[in-house]
Amino acid sequence: MSNHEIIVTKLYSMLEMAKELAEMREPALEGDIQIVLALVSDKLRYMDPLNYYEHVTQYE
Numbered sequence: 009m010s011n012h013e014i015i016v017t018k019l020y021s022m023l024e025m026a027k028e029l030a031e032m033r034e035p036a037l038e039g040d041i042q043i044v045l046a047l048v049s050d051k052l053r054y055m056d057p058l059n060y061y062e063h064v065t066q067y068e
């Protein structure tokens with residue numbers, strides 16, 4: 009697995025964790041977690057332009 013693939017895989021793990029945190033609806037995290045979701049989603053679109061992994065765009 010290349011370094012790029014490892015990074016994309018880890019970003020997807022981060023995205024899944026951020027989605028889980030967003031579902032908890034913790035008031036202290038609400039705005040911040042939406043920003044994290046948008047940033048990670050945007051970075052995945054940039055780093056995975058061939059759609060090797062499924063894209064998540066609902067947070068952008």
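Numbering of the sequence shown is given in our numbering, commencing with residue 9 and proceeding in unit increments. Glycine residues also receive a C-beta, built at the ideal position from the N, C-alpha and C atoms. These figures come from a predicted structure and were not determined experimentally.
- DSSP places S21 in the uninterrupted alpha helix (DSSP H) bounded by N11 to E31.
- Around the beta carbon of S10, a 10 Å sphere encloses fewer than 16 other beta carbons of the protein chains shown; the residue is thus reported as exposed.
- Comparing C-alpha distances from K27 to each of H12, E13 and V48 shows the shortest one belongs to V48.
- DSSP, reduced to helix, strand and coil, places L45 within a helical segment of the structure shown.
- Less than 7 Å separates the beta-carbon of K51 from that of L19.
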